[in-house]
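*Asks:* One structure follows; several queries about it will come next.
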Amino acid sequence: MIDPSSAPRGRNHMPRRPARRLAQRLVALLLALLVALTGLAAVGTTSATAAARADFAPMRIGDTGWRVRQLQSRLHQLDLHSEVVTSRFDRETRAGVATFQRRRGWDADGVVDERTWLKLTSITTEPTTEALHNVYTPGRPLLQRGDTGMWVRQVQARLSQVRWFEGRVTGRYARSTVTAVEGFQAKRRIPVTGQVDRRTLTRLKEMTRTPTRAELFNIVATGPALDPRCTTGRAMCVDKTSRSLRWVVDGVVLKTVEVRFGSDELPTREGAFAVFRKSRDHVSSLYDTPMPFAMFFSGGQAVHYSPDFAANGYDGASHGCVNVRDRAAVAWLFDRVRIGDEVIVYRS
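Numbering (the numbering used here), first residue to last: 1063 to 1410.
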């Protein structure tokens, strides 16, 4: 019987342990090398990122240069800056940056740090050469010659405020309106077309206020000149010279009544006030006299109905209030005046 341990060994019976160990060592070496290379890459990337962050210079008010120009153009894309870029980080630029930051719940200091810049560039497009150099192309016309309606009236009235449109506001976009628009555009480096595009309309609105009804429909106030403070909004315009009170809304006189004022010892105060209290059946606690339909505007002084004024006219005076002798008219006024409406007391 043959001993299996003493039998000759062939090629297929070579021991495999050394080969396996060698393969395991090679794999381990490759893994170690891969880890080392990966680690170096990560360290290199981290170092590059840190260096990039360290190289970012914040932008703040007072700075100048090309980066500021790009910043302003990108802010304009978000309606946070005017279309005109200047390369100067001014108050308008800081306000735009602060608004951008505030909308995201960040510290709104108006300084462009790296986070602000990265977010801004991620949601805007690369400014064009034309945008960076204030070279504009005409936009789609919103209003042009031949158009009619309230929008045309609005444009004409606003152009009139800045002295570009003369004559009556008609609501018809005729040659006179084209000429006015062309002049306005040329003055502000907007492509001169005589048509109102978005750029022209935005610039016009920035330079003007909302037109009053009187401006839109060419309504001229009658009687003595209104104080300029009475021509917008809602106001009781009290003129000591003409001894009149005119109820004016958006520059249009809706009611005029006769009034009298305080004596030299107790004068009616002059200036700009606002109605802060209304009392329909008021009785003066100081003089124990009735003051129906009282609309207080300065301390104890008020516009109100006066039975004494109705009976005796100007043969007398108030204790500083603005007396009205037409009861029906002051009742009508009382129902329309709101808390906060202006009271302008002046001399024409």
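Beta carbons: idealized from backbone N, C-alpha and C, even for Gly.
Please name the residue in Arg1164, Gly1201, Leu1204, Val1146 whose C-alpha comes closest to that of Val1193.
*Replies:* As a working note, residue 1193 is residue 131 in the sequence shown. It is worth fixing the name first, because residue 1193 is Ala in this sequence and not Val. Per the Cα distances, Val1146.
*Asks:* Sort Gly1295, Trp1394, Lys1340 by Cα distance to Val1311 and report the nearest one.
*Replies:* Along the sequence shown, read from residue 1 onward, the residue named residue 1311 stands at position 249. The option with the nearest alpha carbon to Val1311 is Gly1295.
*Asks:* Expressed to the nearest angstrom, what Euclidean distance is found between the alpha-carbon atoms of Arg1387 and His1381?
*Replies:* The residue you call residue 1387 lines up with position 325 of the sequence shown. The residue you call residue 1381 lines up with position 319 of the sequence shown. About 15 Å.
*Asks:* I'd like to confirm the pairing. Which residues does DSSP put opposite Phe1246 in its beta bridges?
*Replies:* Walking along the sequence shown from the start, residue 1246 turns up at place 184. Its beta-bridge partners do not exist; DSSP assigns none.
*Asks:* Beta-carbon separation of Val1321 and Asn1385 under 7 Å?
*Replies:* Start at 1 with the first residue of the sequence shown, and residue 1321 comes out as number 259. Start at 1 with the first residue of the sequence shown, and residue 1385 comes out as number 323. Yes; because the gap between Cβ atoms is below 7 Å, this pair is in contact.
*Asks:* What are the start and end residues of each continuous beta strand (DSSP E) run of 3 or more residues lying completely inside the region 1376-1405, in chain order?
*Replies:* 1384-1386
*Asks:* I think Val1407 touches Lys1302, with their Cβ atoms under 8 Å apart; what is that distance to the nearest whole Å?
*Replies:* The residue given as residue 1407 occupies position 345 in the sequence shown. The residue given as residue 1302 occupies position 240 in the sequence shown. Confirmed, Cβ separation roughly 7 Å.
*Asks:* Whose C-alpha, out of Leu1205, Tyr1198, Ala1297, Val1197, is nearest the C-alpha of Arg1398?
*Replies:* The residue labelled residue 1398 in the question sits at position 336 within the sequence shown. Measuring from the Cα of Arg1398, the nearest candidate turns out to be Ala1297.
*Asks:* Among Met1353, Ala1364, Ala1219, which residue has its Cα nearest to the Cα of Thr1232?
*Replies:* Indexing the sequence shown from 1 puts residue 1232 at position 170. For the residues Met1353, Ala1364, Ala1219, the minimum Cα distance to Thr1232 belongs to Ala1219.
*Asks:* Based on DSSP bridge pairs, tell me the residues matched to Lys1340.
*Replies:* Taking the sequence shown and counting its residues from 1, the one referred to as residue 1340 is at position 278. Paired residue(s): Met1357.
*Asks:* Are Ala1356 and Ala1364 close, meaning C-beta to C-beta below 7 Å?
*Replies:* Here residue 1356 corresponds to residue number 294 of the sequence shown, with the count starting at 1. Here residue 1364 corresponds to residue number 302 of the sequence shown, with the count starting at 1. Taking 7 Å as the Cβ cut-off, Ala1356 and Ala1364 qualify as a contacting pair.
*Asks:* Can you list, in chain order, the residues of its chain with a C-beta nearer than 7 Å to that of Gly1229? Leave out the 5 residues immediately preceding and following it.
*Replies:* Looking up residue 1229 in the sequence shown gives position 167. Ser1238, listed in sequence order.
*Asks:* Quick one: what does DSSP say Arg1156 is sitting in, helix, strand or coil?
*Replies:* Locating residue 1156 in the sequence shown gives position 94, where the first residue counts as 1. Helix.
*Asks:* Using 7 Å as the threshold, is the C-beta distance between Tyr1235 and Val1214 below it?
*Replies:* On the sequence shown, residue 1235 is found 173 positions in, with the first residue counted as 1. On the sequence shown, residue 1214 is found 152 positions in, with the first residue counted as 1. Taking 7 Å as the Cβ cut-off, Tyr1235 and Val1214 qualify as a contacting pair.
*Asks:* Are Phe1151 and Val1130 touching if we call contact CB-CB under 7 Å?
*Replies:* Within the sequence shown, residue 1151 is the residue found at index 89, counting from 1. Within the sequence shown, residue 1130 is the residue found at index 68, counting from 1. Cβ atoms of Phe1151 and Val1130: closer than 7 Å.
*Asks:* Quick check on this structure: which residue in Trp1128, Leu1137, Ser1410 has the alpha carbon closest to the alpha carbon of Asp1289?
*Replies:* The count along the sequence shown starts at 1 and reaches residue 1289 at position 227. Selected option, being the one with the closest Cα: Ser1410.
*Asks:* Ordered along the chain, which non-local residues of its own chain (more than five positions away) have a Cβ less than 6 Å from that of Arg1389?
*Replies:* Here residue 1389 is taken as the residue at index 327 of the sequence shown, counted from 1. Counting only residues of its own chain and dropping the five nearest sequence neighbours on each side, Arg1389 has a CB closer than 6 Å to the CB of Tyr1367.
*Asks:* Relative to the C-alpha of Val1197, which residue among Gly1375, Arg1251, Glu1404 is closest?
*Replies:* As a position in the sequence shown, residue 1197 is number 135, starting the count at 1. For Val1197, the nearest C-alpha among the options comes from Arg1251.
*Asks:* Please go through the same chain and pick out, in chain order, the residues whose beta-carbon is closer than 6 Å to the beta-carbon of Lys1267, but skip the five residues on each side of it.
*Replies:* Start at 1 with the first residue of the sequence shown, and residue 1267 comes out as number 205. For Lys1267, there are no CB contacts under 6 Å within the same chain when 5 residues up- and downstream are skipped.
*Asks:* Assuming Asp1370 is part of the alpha helix (DSSP H), what are its boundary residues?
*Replies:* Along the sequence shown, one-based indexing puts residue 1370 at 308. From DSSP, the alpha helix (DSSP H) with Asp1370 extends over 1369-1374.
*Asks:* Can you give the Cα-Cα distance for Gly1201 and Asp1175, rounded to whole angstroms?
*Replies:* Residue 1201 sits at position 139 when you count from the first residue of the sequence shown. Residue 1175 sits at position 113 when you count from the first residue of the sequence shown. Their Cα atoms are separated by approximately 34 Å.
*Asks:* Can you list, in chain order, the residues of its chain whose CB lies under 6 Å from that of Leu1221, leaving out five sequence neighbours each side?
*Replies:* Residue mapping note: residue 1221 aligns to position 159 of the sequence shown, counting from 1. For Leu1221, where only same-chain residues beyond five positions count, the Cβ hits under 6 Å are Phe1227, Ala1242.
*Asks:* Quick one: residues in its chain with C-beta nearer than 8 Å to the C-beta of Pro1369, no 5 flanking neighbours on either side, listed in chain order?
*Replies:* Here residue 1369 is taken as the residue at index 307 of the sequence shown, counted from 1. Hits under 8 Å: Pro1352.
*Asks:* Leaving aside the five residues before and after Arg1261 along the sequence, list all residues of the same chain whose C-beta is less than 6 Å from its C-beta, in chain order.
*Replies:* Position 199 of the sequence shown, counted from the first residue, corresponds to residue 1261. Counting only Cβ-Cβ distances below 6 Å, and skipping sequence neighbours, we find Gly1201, Ile1252.
*Asks:* Classify Glu1277 as buried or exposed, calling it buried when 16 or more other Cβ atoms lie within 10 Å of its own Cβ.
*Replies:* Position 215 of the sequence shown, counted from the first residue, corresponds to residue 1277. Its Cβ being crowded by 16 or more others within 10 Å, Glu1277 is buried.
*Asks:* Take Thr1111 and list the residues in its own chain whose beta-carbon comes closer than 8 Å to its own, dropping the five residues that flank it on each side.
*Replies:* Indexing the sequence shown from 1 puts residue 1111 at position 49. Note that Thr1111 has pLDDT 43, beneath the 50 cutoff, so the model's placement of it is unreliable and no number is given.
*Asks:* Could you tell me the distance, in whole angstroms, from the CA atom of Asp1259 to the CA atom of Arg1265?
*Replies:* Here the question's residue 1259 lines up with position 197 in the sequence shown. Here the question's residue 1265 lines up with position 203 in the sequence shown. When rounded, the distance between both Cα atoms is 10 Å.
*Asks:* Taking the alpha helix (DSSP H) that Thr1183 falls in, what are its first and last residues?
*Replies:* Walking along the sequence shown from the start, residue 1183 turns up at place 121. Thr1183 -> alpha helix (DSSP H) spans 1176-1184.
*Asks:* Report yes if the C-beta distance between Gly1158 and Leu1180 is below 7 Å; otherwise report no.
*Replies:* As a first step, residue 1158 is located in the sequence shown; it is residue number 96 there, counting from the start. As a first step, residue 1180 is located in the sequence shown; it is residue number 118 there, counting from the start. No, they are not a contact pair.
*Asks:* Which value, in whole angstroms, describes the spacing of the CA atoms of Val1105 and Phe1118?
*Replies:* Here residue 1105 is taken as the residue at index 43 of the sequence shown, counted from 1. Here residue 1118 is taken as the residue at index 56 of the sequence shown, counted from 1. Only weak support is given to the placement of Val1105: the predicted model assigns it a pLDDT of 46, under 50, and the question is left unresolved by the model.
*Asks:* Tell me whether Phe1162 sits in a helix, a strand or coil according to DSSP, three-state version.
*Replies:* As a working note, residue 1162 is residue 100 in the sequence shown. Per DSSP, reduced to three states, the secondary structure at Phe1162 is helical.
*Asks:* Just verifying my parser: in three-state terms, what is the DSSP assignment at Lys1267?
*Replies:* Within the sequence shown, the letter at position 205 stands for residue 1267. DSSP places Lys1267 in helix when its eight states are reduced to three.
*Asks:* Alpha carbons only, please: which of Ser1341, Ser1306, Arg1156 is nearest the one belonging to Ala1287?
*Replies:* Counted from its first residue, the sequence shown places residue 1287 at position 225. Scanning Ser1341, Ser1306, Arg1156 for the CA closest to the CA of Ala1287 turns up Ser1306.
*Asks:* Based on the DSSP secondary-structure assignment, which residues constitute the bridge partners of Val1311?
*Replies:* As a working note, residue 1311 is residue 249 in the sequence shown. Arg1296, Val1314.
*Asks:* Among Phe1335, Trp1394, Pro1354, Thr1210, whose alpha-carbon lies nearest the alpha-carbon of Thr1318?
*Replies:* Start at 1 with the first residue of the sequence shown, and residue 1318 comes out as number 256. Taking only the C-alpha atoms, the option nearest Thr1318 is Trp1394.
*Asks:* Quick one: Cα of Ser1347 to Cα of Phe1359, how far?
*Replies:* Translated into the one-based positions of the sequence shown, residue 1347 becomes position 285. Translated into the one-based positions of the sequence shown, residue 1359 becomes position 297. Roughly 17 Å between the two C-alpha positions.
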